[in-house]
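Every position in the sequence shown, counted from 1, becomes a number in my numbering once 1 is added.
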Amino acid sequence: MKALIIVDMQYDFLPGGSLEVAKGDEIIPIINNIQKDYDLVVATQDWHPKEHMSFSSQHVGKLPFEVIDLDGLSQVLWPDHCVQESYGSELSEDLDTTQIEAIFRKGMDPRIDSYSGFYDNGKRKDTGLAGYLRARKIDEVHVCGLAADYCVFYTAMDAISEGFKTSIISKATKAIDKGDFMEKKNTFIQAGGFLI
């Protein structure tokens, strides 16, 4: 049984959003088209409180994309994005959501960021995604969405660690930093992942 995980197709990550991924909107028709090929479709949604500590606005004198130590973890400081109940946090209206059976929200704890759809970055909290997939008898997952070098990559890496056969769908994801994603792709493949 095969599942599609659609990662963070939200307005703040699309062109015009506060943390836009260049040409991120171009993958929406691809994602819509492939959903029919899966036994199960789920999605993730970044869902931050407005005072989230991953926001550069919460740190006096810090700029977006600076890196700090946050409770013992390396933390990139991001522009405010995907604030709960904001327009930017909504899934794109162009995304076909009729096949999405469950949406897993992440990044709700103001003290820790969550790139992966499975866990926060410190593996302190579990979203319940792995248990849900197992309960639905899923043994293989394909990951798509935004952004390739962050939330897609970390979701895919955690899927491998949870024992799922895992692929990233290259044509259905876009990276913030293509060079960074090239390195992370190698890490993913070495861990047992596939690019399709």
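We treat Cβ as the ideally placed atom computed from N, Cα and C, and that holds for glycine.
Asked                                                                                                : Found
Stretch-stretch touch, CB-based, cutoff 8 Å, three pairs: the segment 177-195 with the segment 76-94 : no
Counted within 10 angstroms of its Cβ, other Cβ atoms place Ala44 as buried (16 or more) or exposed  : buried
For Thr128: DSSP bridge partner residues                                                             : Answer is none; Thr128 lacks a bridge partner.
Counted within 10 angstroms of its Cβ, other Cβ atoms place Phe66 as buried (16 or more) or exposed  : exposed
Cβ-based neighbour list, Lys126, same chain, cut-off 6 Å, excluding 5 preceding and 5 following      : none
Where the beta strand (DSSP E) containing Ile101 begins and where it ends                            : Ile101 to Lys107
Distance between Val8 and Leu201 (C-alpha atoms, nearest Å)                                          : As displayed, the chain neither begins before 2 nor continues past 197, which places residue 201 out of reach and without an answer.
contact_flag[the segment 19-37, the segment 51-63] where n(CB pairs < 8 Å) is 3 or more              : no
Limits of the alpha helix (DSSP H) - the one that Lys186 falls within                                : Lys179 to Gln191
Where Met10 falls, given that 16 or more other Cβ within 10 Å makes a residue buried                 : buried
6 Å CB neighbourhood of Arg137 in its chain, flanking five on each side removed                      : Leu41
Buried versus exposed, by CB contacts within 10 Å (16 or more), Thr99                                : exposed
Where the beta strand (DSSP E) through Ile31 begins and ends                                         : Here Ile31 belongs to no beta strand (DSSP E); instead the alpha helix (DSSP H) covers Ile29 to Ile35.
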